[in-house]
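Engineer:
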């Protein structure tokens with residue numbers, strides 16, 4: 001039975017009861033062997049022992065696993081010097097639950113003095129903080145990981161603080177984009193570090209993001225920067241993102257940017273090339289028209305020059321399809337087999353050749369379709385336009401869902417028509433409406449409009465019973481001065497941004513004319529387009 005030198009009186013009993021109820025671990029070590037004279041229940045729980053089984057044992061005997069963890073040296077120093085020891089998050093390897101476990105504790109070792117001032121023991125107070133330490137370690141690890149990700153990110157990332165846009169952070173990628181070292185920009189005002197960027201509109205963009213909290217996304221925007229010893233115009237895709245403080249205020253703006261100069265230059269070169277191709281096509285068309293006029297003088301038996309041109313186009317299309325297929329196939333094979341031997345420029349040339357061949361193939365197919373429409377004798381039958389549109393919407397279901405489009409089809413009439421040609425007519429119009437869109441999802445309305453004989457005559461149609469179907473979209477529209485020109489062959493109003501051969505609307509016009517009808521259009525830039533299709537009820 002261990003007998004402590006502690007006096008057992010009423011006050012000590014009351015103190016012991018209070019310490020046993022304390023939410024922290026408390027123990028008293030007596031003498032230089034640090035015999036455990038008192039340990040509350042929390043002390044036993046935190047050390048993996050029963051508190052009453054520790055009483056009377058020297059510290060080293062009670063916790064042999066701590067011999068090589070420096071606690072004997074710490075206790076000796078407190079006992080000999082009288083200087084308390086404190087640690088926040090001390091790592092301790094304790095034997096608990098039948099195995100050694102690493103835990104973390106907030107520790108205080110306080111010397112105990114008697115009436116003469118001599119040190120007779122040590123008062124130990126501890127609290128396990130393992131969860132807090134592990135959480136802090138995870139936070140530190142996540143912070144280090146975030147730092148690594150930002151520093152090694154191929155995208156340029158920077159953070160600007162305050163109305164002067166002090167550069168608080170800049171990763172190597174954004175420094176490279178700016179053409180500066182980190183030392184040249186960090187801690188400086190943005191437009192002091194990059195004076196050439198001032199006056200290019202970025203002050204207004206940053207002010208708007210910082211004051212409204214609305215991010216700004218820029219695609220392919222030109223910037224004049226001082227890089228590689230001289231000023232140059234470069235292009236960036238970038239985002240200005242506001243950073244909200246805990247109180248929802250905005251002091252900082254983050255930029256994430258990547259350079260797209262080569263892409264923009266390639267696009268500009270492609271647009272110039274396509275403009276040249278269009279010019280050549282117009283010149284070719286002019287020469288064909290001149291030749292057609294000459295043939296009209298020689299051969300009076302031809303019904304019109306357009307029919308003869310379409311005959312020629314049909315033969316040319318058939319003759320071109322096989323060589324084009326071979327060019328595309330052999331080009332793809334050669335690109336694949338020689339890929340490792342090519343540099344980036346040569347690969348680009350191959351890809352451009354294959355892409356151009358594909359466009360030519362589409363052009364040949366469209367010319368052939370137009371030729372067939374000119375040469376074939378349409379067979380008319382009772383046609384339900386509701387069924388035609390229903391089937392067409394099903395056919396285009398994937399594209400409609402990809403574009404987030406909405407197609408509204410009202411009740412449509414039954415009329416005498418060539419079902420296949422009307423299917424192609426509405427497919428071309430809906431496909432154009434899905435293609436020539438702005439930022440908003442496409443919305444396409446297809447409705448029958450009431451027609452009177454007077455309206456038919458105003459449209460330049462004979463006084464026969466007609467129906468009018470309007471196909472209206474919310475796309476980018478076009479200048480109304482081109483409303484007749486768009487139905488010509490190879491007419492493209494919107495450049496390289498939108499694909500196509502420039503024949504789709506010419507096919508639509510030919511189909512409507514095959515049905516003794518007329519197609520008109522109304523539009524303005526940014527306000528969509530409406531195509532009016534006038535068709536006779538009976539042929």
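Residue numbers (UniProt numbering): 1 to 539. Think of the CB as a built atom: it goes at the ideal place given N, C-alpha and C, for glycine as much as any other residue.
1) Would you kindly work out how many angstroms separate the C-alpha atoms of residue 33 and residue 56, rounded to a whole number?
2) May I have the straight-line CA-CA distance separating residue 494 from residue 266, to the nearest angstrom?
3) Does any residue of chain B bring its CB to less than 8 Å from the CB of residue 39?
4) Under DSSP, the alpha helix (DSSP H) around residue 515 begins and ends at which residues?
5) Should residue 375 be labelled buried (16 or more other beta-carbon atoms within 10 Å of its own) or exposed?
6) Once the 5 residues before and after residue 520 are set aside, which same chain residues still bring their CB inside 7 Å of it?
7) Spatial neighbours of residue 475 within its chain, please: CB distance less than 7 Å, with the 5 preceding and 5 following residues excluded, ordered by chain position.
8) Assuming residue 202 is part of the beta strand (DSSP E), what are its boundary residues?
9) DSSP three-state call for residue 282: helix, strand or coil?
10) In the DSSP output, what is residue 169 paired with across the bridge?
11) Tell me which residue opens and which closes the beta strand (DSSP E) that residue 25 is part of.
12) Whose C-beta lies closer than 6 Å to the C-beta of residue 457 among residues of the same chain, with five residues either side of it excluded?
13) Kindly list the residues whose CB is nearer than 8 Å to the CB of residue 216, restricted to its own chain and excluding five residues on each side of it in sequence; keep chain order.
14) According to DSSP, simplified to helix, strand and coil, what is residue 496?
15) Leaving out the 5 sequence neighbours to the left and right, which residues in its chain are closer than 6 Å to residue 104 when beta-carbon positions are compared?
16) Sorted by chain position, which residues of the same chain lie with C-beta nearer than 8 Å to residue 526's C-beta, five sequence neighbours on each side aside?
17) Who does residue 124 pair with in a DSSP beta bridge?
18) Between the C-alpha atoms of residue 77 and residue 122, what's the straight-line distance to the nearest angstrom?
19) Starting from residue 533 and walking both ways along the beta strand (DSSP E), at which residues does that stretch end?
20) Can you say whether residue 65 is buried or exposed, counting buried as having 16 or more other CB atoms within 10 angstroms of its CB?
21) Return the chain-ordered list of same chain residues with a C-beta closer than 7 Å to the C-beta of residue 388, the five sequence neighbours on each side being excluded.
22) Please classify residue 142 as buried or exposed, where buried requires at least 16 other C-beta atoms within 10 Å of its C-beta.
23) Exposed or buried, residue 540, counting other C-beta atoms within 10 Å across all chains shown (16 or more means buried)?
24) For residue 61 and residue 82, what's the separation of their Cα atoms in angstroms?
25) Once DSSP output is grouped into helix, strand and coil, what is the label at residue 76?
26) With H, G and I counted as helix, E and B as strand and the rest as coil, what does DSSP make of residue 188?
27) Assuming residue 393 and residue 407 are in contact, meaning their beta carbons sit under 8 Å apart, how far apart are those beta carbons, in whole angstroms?
28) Can you check which of these residues, 403, 465, 455 and 255, is closest to residue 440 by C-alpha distance?
29) When burial is assigned at 16 or more other CB atoms within 10 Å of the CB, is residue 3 buried or exposed?
30) With residue 61 as the anchor, note down where its beta strand (DSSP E) starts and where it stops.
31) Measuring CB atoms only, is the stretch 270-281 touching the stretch 242-252, in the sense that at least three cross pairs come out at less than 8 Å?
32) Where in the stretch 429-468 do unbroken runs of the beta strand (DSSP E), each at least 3 residues long, occur, reported from the N-terminal end onward?
33) To which residues of the same chain is residue 416 closer than 8 Å at the C-beta, ignoring the five residues directly before and after it?
34) Work out the CA separation of residue 97 and residue 80 for me, nearest whole Å.
35) Please state whether the Cβ-Cβ distance between residue 59 and residue 75 is less than 8 Å.
36) Would you mind stating whether residue 461 and residue 487 have Cβ atoms separated by less than 8 Å?
Structural biologist: According to the structure shown:
1) 11 Å
2) Low confidence applies here, because residue 494 scores a pLDDT of 49, under 50, leaving its location unreliable; read the following figure in that light. One C-alpha to the other measures close to 18 Å.
3) The chain labelled as chain B is not found in the depicted structure, where only one protein chain is given.
4) Per DSSP, residue 515 belongs to no alpha helix (DSSP H) and is neither H nor E.
5) Caution is warranted here: a pLDDT of 49 is assigned to residue 375, below 50, making its placement in the model unreliable, and no coordinate value can be reported.
6) Residues 459 and 532 of the same chain have their beta carbon placed closer than 7 Å to that of residue 520, with the five preceding and five following residues left out of the count.
7) 433, 436, 437, 438, 442, 528 and 529.
8) It is not in any beta strand (DSSP E) - residue 202 instead sits in the alpha helix (DSSP H) that spans 202-212.
9) In the structure shown, residue 282 sits in a helix (DSSP, three-state: H, G or I).
10) 159
11) 25-30
12) none
13) Only 205, 208, 209, 239 and 240 meet the Cβ criterion.
14) Because residue 496 sits at a pLDDT of 48, beneath the cut-off of 50, its placement in the model cannot be relied upon, and the point is left open.
15) 89, 91, 129, 130 and 133
16) 438, 476 and 477
17) 27 and 109
18) In a straight line, the C-alpha of residue 77 is about 11 Å away from that of residue 122.
19) 529-536
20) Burial state of residue 65 is exposed, judged by a 10 Å Cβ sphere holding fewer than 16 other Cβ atoms.
21) 419, 422, 423 and 426
22) exposed
23) This structure does not reach residue 540, given that the chain is present from 1 up to 539, and the question cannot be answered.
24) 24 Å
25) helix
26) Coil.
27) 6 Å
28) 403
29) Only weak support exists for where residue 3 lies, its pLDDT of 49 falling under 50; the value from the coordinates is given anyway. With fewer than 16 other Cβ atoms within 10 Å, it is exposed.
30) Per DSSP, residue 61 belongs to no beta strand (DSSP E); it is in the alpha helix (DSSP H), 59-62.
31) Contact fails between the stretch 270-281 and the stretch 242-252, because fewer than three Cβ pairs, one in each stretch, are under 8 Å apart.
32) 443-449
33) For residue 416, where only same-chain residues beyond five positions count, the Cβ hits under 8 Å are 380, 381, 382, 383, 536, 537, 538 and 539.
34) 34 Å
35) yes
36) no
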